[in-house]
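Sequence positions in the sequence shown follow my numbering and run 355 to 608. Inspection log for the structure reproduced underneath, given as structure tokens.
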Amino acid sequence: MMNRLEKINFIRKKLNDGNYSIGSWIQIPHSSIAEIIGNAGYDWVAVDLEHGSISVDQLPDLFRALELGNTLPLARIAKGDLKDCKQVLDAGAGGVIVPMVESAEHLEKIKNEIRWPPSGKRGVGFSRANLFGKNFESYSEEAQKPLLVAMIEHLNAVKNLDEILKVDNLDAIFIGPYDLSASMGITAQFETSKFKNIIGKIKEKAKLAGVACGIHVVEPSENDLRLKIDDGYRFIAYSIDSVIFSKFVKRPFS
Ligand code: 3PY
Ligand code: MG
355 MMNRLEKINF IRKKLNDGNY SIGSWIQIPH SSIAEIIGNA GYDWVAVDLE HGSISVDQLP
415 DLFRALELGN TLPLARIAKG DLKDCKQVLD AGAGGVIVPM VESAEHLEKI KNEIRWPPSG
475 KRGVGFSRAN LFGKNFESYS EEAQKPLLVA MIEHLNAVKN LDEILKVDNL DAIFIGPYDL
535 SASMGITAQF ETSKFKNIIG KIKEKAKLAG VACGIHVVEP SENDLRLKID DGYRFIAYSI
595 DSVIFSKFVK RPFS
């Protein structure tokens, strides 16, 4: 069993070494779901505070349940809000996935908000993350470097991608296919050449900048996951609890 800092380092090393890391995603606010998915073998599981109905007060139980399966809990924060960063990390997230990053300045601000001084300006306090002070010393190290993942899901982000990729200590960028396609006026039309071209361009730029590029494979398709790995995506979220349940709960015949 790795502790949280070891898991962060393990995932960061995979990304730095040019390997891929596969995680999953939860939107259903129940610790049993978290326990099941936490034991499913993923490197990390993102708890979604942007879409769905999970609230900050549910995070400690969800994170505990995820950790029973030796996975790293991450949080997709609700928006680029600074208060969100502090609360999810204090609850014990190993890092943040930031939706709708549109500029390097925005991302720099978030980076400062997720790190304790001296590397950032996040408030220092007792919380679940440091076992309410008991693990203060060891957490001080982790609080210098939680995982930072920037979602690229708007044309404005693509326009500013070179600058965004220059933000240091960015662990990965992560394409949100729904929002990105929506910002192009082709919502969910993932097979169009327009969409394929833009995600190819994002991936190439990330590669040149030496930053891992990821994407959310929302439909649970092993084939699709393999294709994305073969295409060079390296920080991949495989589906969502709600989507997996909805797909497999369907009455088999009528
Ligand atoms: C999107 O596709 O917009 C997402 O946010 C996926 O996580
Ligand atoms: Mg999105």
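All C-beta atoms in this analysis are idealised placements derived from N, C-alpha and C, irrespective of residue type, glycine included. None of these values were measured; they are calculated from a predicted model.
> So, helix, strand or coil for Val603, using DSSP?
Replying inline: Three-state result, Val603: coil.
> Taking all protein chains shown into account, do 16 or more other C-beta atoms lie within 10 angstroms of the C-beta of Lys604, making it buried, or fewer, making it exposed?
Replying inline: With fewer than 16 other Cβ atoms within 10 Å, it is exposed.
> Is the beta carbon of Ile365 less than 7 Å from the beta carbon of Ile380?
Replying inline: no
> Excluding the five sequence neighbours on either side, which residues of its own chain have a C-beta within less than 7 Å of the C-beta of Val565, listed in chain order?
Replying inline: Leu519, Leu524, Ala526, Ile527
>> Can you list, in chain order, the residues of its chain with a C-beta nearer than 8 Å to that of Tyr479? Leave out the 5 residues immediately preceding and following it.
In response: Reading the sequence as shown, one finds Gly at residue 479 and not Tyr. Once the five neighbours on either side are set aside, the close Cβ partners of Gly479 are Asp444.
>> Applying the 10 Å Cβ sphere with the 16-neighbour rule, what's the burial state of Lys557?
In response: buried
> For Arg418, does the three-state DSSP call read helix, strand or coil?
Replying inline: Helix, per DSSP.
>> One question on the structure: do Glu404 and Ala432 come within less than 7 Å of each other, judged by their Cβ atoms?
In response: yes
> Asp533: beta carbon under 6 Å from a heavy atom of the ligand MG?
Replying inline: yes
> Measuring from the CB of Glu558, is there a heavy atom of the ligand 3PY at a distance below 6 Å?
Replying inline: no
> Is it true that the CB of Ser537 sits closer than 7 Å to the CB of His508?
Replying inline: Contact: yes.
> Does any CB atom of chain C fall closer than 7 Å to the CB of Glu456?
Replying inline: The chain inventory of the structure shown lacks chain C, comprising one protein chain alone.
> Which one or two residues does DSSP pair with Gln571 in a beta bridge?
Replying inline: It should be pointed out that residue 571 corresponds to Val in this sequence rather than to Gln. DSSP lists Tyr592 as partners of Val571.
> Between Glu570 and the ligand 3PY, is the CB less than 6 Å from at least one heavy atom?
Replying inline: Note that residue 570 is His in the sequence shown, not Glu. It does: the Cβ of His570 is within 6 Å (strictly closer) of some heavy atom of the ligand 3PY.
> Looking at the structure shown, is Val452 part of a helix, part of a strand, or coil, going by DSSP?
Replying inline: strand
> If Ile569 sits next to Lys582, beta carbons under 8 Å apart, how far is it from one beta carbon to the other, in whole angstroms?
Replying inline: Contact between Ile569 and Lys582 holds: CB atoms are separated by about 6 Å, below the 8 Å threshold.
> Looking only at C-alpha atoms, which of Gly530, Leu485, Gly487 sits nearest to Ile590?
Replying inline: Gly530
> If you draw a straight line from the alpha carbon of Lys368 to that of Asp397, how long is it in whole angstroms?
Replying inline: 10 Å
> Taking the C-alpha atoms as reference points, what is the distance between Lys437 and Ala394?
Replying inline: 31 Å
>> Check whether the region 438–457 and the region 381–390 are in contact - that is, three or more C-beta pairs closer than 8 Å.
In response: Counting Cβ pairs under 8 Å, fewer than three are found: no touch.
> What do you reckon, is the C-beta of Ala507 under 6 Å from a heavy atom of the ligand MG?
Replying inline: Correcting the residue type first, residue 507 is Glu in the shown sequence and not Ala. Indeed, a heavy atom of the ligand MG lies less than 6 Å from the Cβ.
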